[in-house]
Structure formats: C-alpha cells, structure tokens
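Colleague:
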Amino acid sequence: MTLSAKSQAVGKVVCVGRNYAAHARELGNEVPSSPLLFMKPASSIVWINSESDNKIVRPEVARYGDTHYEAELCIQLSADLSAATIQQAKQAIGGVTLGLDLTLRDLQSQLKDKGQPWERAKCFDGACVLADWLEVQAFDDFTQVAYQLYINDELKQDGDSALMLFPIYELLAEISHAFSLQAGDVIMTGTPSGVGILQAGDKLKLVLGTHKWQARVQ
Ligand code: ZN
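Here the numbering used here is used: the first residue of the sequence shown is 12, the next is one more, and so on.
1) Below 8 Å on the Cβ atoms is my guess for G137 versus S55; work out the distance and round it to an integer in Å.
2) Tell me whether M175 counts as near the ligand ZN, meaning its Cβ is closer than 8 Å to at least one heavy atom of that ligand.
3) Going by DSSP, which residues form a beta bridge with I162?
4) Have a look at S120 and P52 and give me their C-alpha separation to the nearest angstrom.
5) Could you tell me if N163 is buried or exposed, where buried requires 16 or more neighbouring beta carbons within 10 angstroms of its beta carbon?
6) Run the CB neighbour count on L166, radius 10 Å, all protein chains shown included, and call it buried at 16 or more, exposed below.
7) Just curious, the alpha helix (DSSP H) that V72 is in, first and last residue?
8) Could you tell me whether any non-hydrogen atom of the ligand ZN is closer than 8 Å to the CB of V242?
9) Going by the DSSP bridge assignment, what does E62 pair with across the sheet?
10) Taking any heavy atom of the ligand MG as the mark, which residues have a C-beta closer than 5 Å to it, listed down the chain?
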C-alpha cells in the first residue's frame, strides 16, 4: 500500500554524499568521518509512480555533459527534528521510498577542482527523482533494507542499508544537529557503488522489496 506521493509538501531535500565506502572509493574519494551533506531544492523533484511508464529527462549532453544515476533509499519526515536524539529521529520517519540523485558528473568534477559548490551539478530541474512513498510500518527498523537499480535488465546498483557508514537513525539525528529538519523534508541517504552514465533510451527499474518502479530515459 502506498501513500499519495504529494501527501506532504517537500521543503528541502538533504542528500548524503559517500555514505557507502565502496562508492566513495569508486569515485576516488576518501571515506568521510562525518556525513557529507548537500541539498537539492524542491523544484528539482520529479515523481515517478509504480503504475505508469515514467520518463526521465536529462540536461542536454552537448551543453552540460553526462548525467549519472545514483539510486538511493529516501526518507520523508513526518515531524520536525532539531538537535534530535536517535529515538526522536526514529519516530519522525513518515515515509520511505527509492530515488535517483541525478548528477552532472563532468560539471561536478570541474566544480570540485575549482573548490566551488555543487549546485549546478545537482539542483537542475529533474535532478531529484522520487518514487511513491511507502508506509514506514513495512520496514520495522532500517538496519537491513535491500534495494536495486536495473538498467536494461542488468543489475547496476545493489544497495543495502546495512552497508551505510552512517545508518538511518544516526544520520537523521546527526543532520538535525547541523541544521533543523522540518516535516515534509526528504533525506536521500547516499548511493551504493555502481553509478554510471544515463543513455538515451535506457530502461530503468528500481526495486525495493516487492515494489517496482520503471522509467525510460529521454
Ligand atoms: Zn547521491
């Protein structure tokens, strides 16, 4: 059973970089000692749902370079969190789903080299793909949530929250010590290894337990 995708308006999307050691290494990054955080604006969100053939539109390759996919487990908050405890974080989870943190990787590398912020590579319209929200009750605790991304029927990313450097409850509490989170905010909890380039015509399938979402790249 799913909740309506727009049941709660999203204020901000907080993303976690390098929350899986294998992904940090594949991009040649160090494994961080505290969560690396950045944000996407609500204007970057596109919703996909399990009933339809969804579309993913990339920024024009000739102008912006390649767009990479990053499949991630996503959480929506149902309560505000400020300098929260683990217990408070646990009780504030209102919805769970999968998402794609789309990234203009060439541009991001250029920005990193210059020591500049990443917004141009992470905040474009359509950069935050979110599937329908699922009810939290189905997840019990979040210590072992497995999920997959298939492209053209080939397994590309095989994620499990057990492999996170900063597990969900700790992560939410930690973020809320950096800045306040509000009901409706979304947390993209980081991507496992296997990121790569989206090509026109690719058929994506996101799988979370018995739930599946499909999308075609334009
Ligand atoms: Zn990401």
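Quick reminder that beta carbons are idealized off the backbone N, C-alpha and C, glycines included.
Modeller: A quick look at the data gives this:
1) For this step, residue 137 is matched to residue 126 along the sequence shown. For this step, residue 55 is matched to residue 44 along the sequence shown. Sure, about 7 Å apart at Cβ, within 8 Å.
2) Along the sequence shown, read from residue 1 onward, the residue named residue 175 stands at position 164. No, the Cβ of M175 stays beyond 8 Å of every heavy atom of the ligand ZN.
3) Here the question's residue 162 lines up with position 151 in the sequence shown. BP columns for I162 point to E165, L215.
4) As a first step, residue 120 must be located in the sequence shown, where it is residue number 109. As a first step, residue 52 must be located in the sequence shown, where it is residue number 41. Looking at the two C-alpha atoms, the distance is approximately 21 Å.
5) Residue numbering aside, residue 163 sits at position 152 when the sequence shown is read from its first letter. Classification for N163: exposed.
6) On the sequence shown, position 155 is the one that residue 166 refers to. By the 10 Å Cβ count, L166 comes out exposed.
7) Translated into the one-based positions of the sequence shown, residue 72 becomes position 61. Unbroken alpha helix (DSSP H) run through V72: 72-75.
8) Nothing about residue 242 can be read from this structure; the chain reaches only from 12 to 229.
9) Residue mapping note: residue 62 aligns to position 51 of the sequence shown, counting from 1. Bridge partners of E62: none, in fact.
10) The ligand content of the structure shown is limited to the ligand ZN, which means the ligand MG is not among them.
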